[in-house]
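K.L.:
Here the working numbering is used: the first residue of the sequence shown is 52, the next is one more, and so on.
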Amino acid sequence: MKRSSLSLACLVSAVAILLSGEARGNGGGFQDFVGWTGNFSPRGIEDLEMLSEDLTIVFGKSSAEVKVTYSIRNEGPARSVGIGFPCTRLEWKEEEGIDFSYPTLSLEDYTITKGGKKVASEEIEENAKAPTPQVDADIEEYVTWVESWQVSTLDFGADETSEVEVRFSMPYAVEGWDVSDDVHYDKTSFSYTLSSAAAWKGPIGKGTVRLIVKTLFPEEFSIKAPEDRFTRTGNEYVWEFSNLEPGPADDLVIEVYQPSKKFWRFSADDVVSAYELRANQYFFETNNYEVTASSELPDQKENSYVAGNVRMLWDEKAWVEGVDGDGVGESLTISVADPKPLHRIAVSPGYSKSEEAWIANNRVSKLKITLNGEKTFTVDIPDFKTPNSEEIVVPDYDMPVSKVKLEIAGVHRGEKYRDTAISYVALINELDKKPEIQGAR
Numbered sequence: 052m053k054r055s056s057l058s059l060a061c062l063v064s065a066v067a068i069l070l071s072g073e074a075r076g077n078g079g080g081f082q083d084f085v086g087w088t089g090n091f092s093p094r095g096i097e098d099l100e101m102l103s104e105d106l107t108i109v110f111g112k113s114s115a116e117v118k119v120t121y122s123i124r125n126e127g128p129a130r131s132v133g134i135g136f137p138c139t140r141l142e143w144k145e146e147e148g149i150d151f152s153y154p155t156l157s158l159e160d161y162t163i164t165k166g167g168k169k170v171a172s173e174e175i176e177e178n179a180k181a182p183t184p185q186v187d188a189d190i191e192e193y194v195t196w197v198e199s200w201q202v203s204t205l206d207f208g209a210d211e212t213s214e215v216e217v218r219f220s221m222p223y224a225v226e227g228w229d230v231s232d233d234v235h236y237d238k239t240s241f242s243y244t245l246s247s248a249a250a251w252k253g254p255i256g257k258g259t260v261r262l263i264v265k266t267l268f269p270e271e272f273s274i275k276a277p278e279d280r281f282t283r284t285g286n287e288y289v290w291e292f293s294n295l296e297p298g299p300a301d302d303l304v305i306e307v308y309q310p311s312k313k314f315w316r317f318s319a320d321d322v323v324s325a326y327e328l329r330a331n332q333y334f335f336e337t338n339n340y341e342v343t344a345s346s347e348l349p350d351q352k353e354n355s356y357v358a359g360n361v362r363m364l365w366d367e368k369a370w371v372e373g374v375d376g377d378g379v380g381e382s383l384t385i386s387v388a389d390p391k392p393l394h395r396i397a398v399s400p401g402y403s404k405s406e407e408a409w410i411a412n413n414r415v416s417k418l419k420i421t422l423n424g425e426k427t428f429t430v431d432i433p434d435f436k437t438p439n440s441e442e443i444v445v446p447d448y449d450m451p452v453s454k455v456k457l458e459i460a461g462v463h464r465g466e467k468y469r470d471t472a473i474s475y476v477a478l479i480n481e482l483d484k485k486p487e488i489q490g491a492r
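1) For V361, does the three-state DSSP call read helix, strand or coil?
2) Any idea what DSSP makes of P451, helix, strand or coil?
3) Under 8 Å between the Cβ atoms of I175 and V132?
4) Helix, strand or coil for E214, going by three-state DSSP, please let me know.
5) Please state the DSSP three-state secondary structure of I410.
6) Output the distance between the C-alpha atoms of T88 and T384, rounded to the nearest integer angstrom.
7) Any idea what DSSP makes of A300, helix, strand or coil?
8) Between which two residues does the beta strand (DSSP E) holding I443 run?
9) Any chance you could list the beta strand (DSSP E) runs of at least 3 consecutive residues sitting entirely within the stretch 247-310, in chain order?
10) Is the beta carbon of V322 sitting closer than 8 Å to the one on T337?
11) Taking DSSP as the reference, what is the three-state secondary structure of P392?
12) Do L267 and E481 count as a contact pair if the criterion is CB distance below 8 Å?
13) Assign E406 to buried or exposed, taking buried as 16 or more other Cβ atoms, counted over all protein chains shown, within 10 Å of its Cβ.
14) Once you ignore the five residues that flank A358 on each side, which residues in its own chain have a CB closer than 8 Å to its CB?
15) Between Y223 and L262, how many whole angstroms is the CB-CB distance? I'm expecting something under 8 Å.
16) For V494, count neighbouring Cβ atoms within 10 angstroms of its own Cβ and tell me buried if that reaches 16, exposed if not.
17) What are the partner residues of F435, as DSSP defines its beta bridges?
18) Would you please state the rounded distance, in angstroms, between the beta carbons of G256 and M363? I believe it to be under 8 Å.
19) Helix or strand or just coil, what does DSSP make of A472?
20) How is V379 classed by DSSP in three states: helix, strand or coil?
21) Kindly indicate the opening and closing residues of the beta strand (DSSP E) around K118.
22) In the DSSP assignment, the beta strand (DSSP E) including K404 goes from what residue to what residue?
23) On the DSSP bridge list, what partners appear for A344?
24) Mind checking D237: buried by the 16 CB within 10 Å criterion, or exposed?
25) Would you call the stretch 290-302 in contact with the stretch 316-333, where contact means no fewer than 3 C-beta pairs closer than 8 Å?
26) Return the CA-CA distance between K404 and P349, expressed in angstroms with no decimal places.
27) Assuming V379 contacts G461 under a Cβ cut-off of 8 Å, what Cβ separation, rounded to an integer in Å, is found between them?
28) Please list, in chain order, all residues of the same chain as T204 whose beta carbon is under 6 Å from its beta carbon, the five residues on each side excluded.
As structure tokens, then:
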């Protein structure tokens, strides 16, 4: 049995004074990203009152965008206050002869403002305080927990009321394991602790928690805690409260995706396919197509950049457009071997050979997609920090697809080159019934 690669996960809480504190956490299984729940016991803020808290979390395909706005009143004299957001990550220990070159993450794009003005922050590290999350015994000796804090100092005048806003993104916590070419995922989750706000003077005067679901499978989204607080309208959930004295029962525990399985299959003619089994849906992913390009960067030594490279999963190659400038308007045209209605398209929107190549070259930021020459739509693609892929859901089109055109409509500029690359493209269709699959042993 192979273990899936471990990285890190962060779990956030409401803003808290970073004077002293305790943290709690739990976890288990074989984790790609590891959820961790935090709790604080801060001191020394008897005269600071949280008048309101408005929290908005947008749940994307693989991470959540968090925005939280506080109205804070200082009823005492002028003071400087240290505050912090926690992020506990699992890191591999250095081991002679073993390559543990997995990436680690932190709160991404973290910003904090007071009164509309940006406040400096820095990341500091401390050992996570007991109890720490548990990991599988097979890897326990190779990993360590590191507690990281994004820390800022806020200056409050005497009797001042001010708005403090924090924004960041964070990946979901997901546990899984693989056997040969079969991958099993447990629930994908997200947690946010409101209970840390109990340290402020009095209750939270009023607040709103808004959850906006933009995931691949919004029907799998489930609020496990707190119970019976949210009102749902479509894919938006809202909880409004007043005079809340937050405790552990108020902390958010979200299941973003339900357990799933993926079974990869490889053939001698370089056709790569995978069956994906979800709670109530079944999908088939394939690269069984022919592809041409409007232009190709000429070969350089042993490196080729032809259109056919996008069929090669896990091969350190890519299609790179061959015109001057950023390549906006250049395209791939795919001829599908077995036309089916498409549920989504998987695209690796950069040069995924290495992190260095990914950052050095342009990544696709906007992709114009045309199906069968008649259905056209454009999607925005986030700027991933490391090699990654984007799964694009096909909207409102149920015809069998024989032609797919992918046109570069915008780019995230590379640090060194203006060449734009795409490393992989796969087509995914939904199956009518559960496939019969012989799993790996």
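Beta carbons are placed, not taken as given, at the ideal position from N, Cα and C, and that holds for glycine.
P.N.:
Checking against the coordinates, here is how it stands:
1) helix
2) coil
3) no
4) strand
5) helix
6) Any reading at T88 must be qualified, since the residue scores a pLDDT of 32, below 50, and its modelled position is unreliable; no value is offered.
7) helix
8) E441 to V444
9) 255-264, 273-276, 282-284, 287-295 and 303-308
10) yes
11) coil
12) no
13) exposed
14) V342, T343, A344, E347, W370 and L383
15) That pair is no contact at about 13 Å.
16) Given that the chain is displayed from residue 52 to residue 492, the structure contains no residue 494 and the question cannot be resolved.
17) F435 is not bridged to any residue.
18) The pair is not a contact, with the Cβ atoms about 57 Å apart (cut-off 8 Å).
19) strand
20) coil
21) S114 to N125
22) Element bounds for K404: n/a, residue is neither H nor E.
23) L383
24) buried
25) no
26) 17 Å
27) 7 Å
28) S131 and G133
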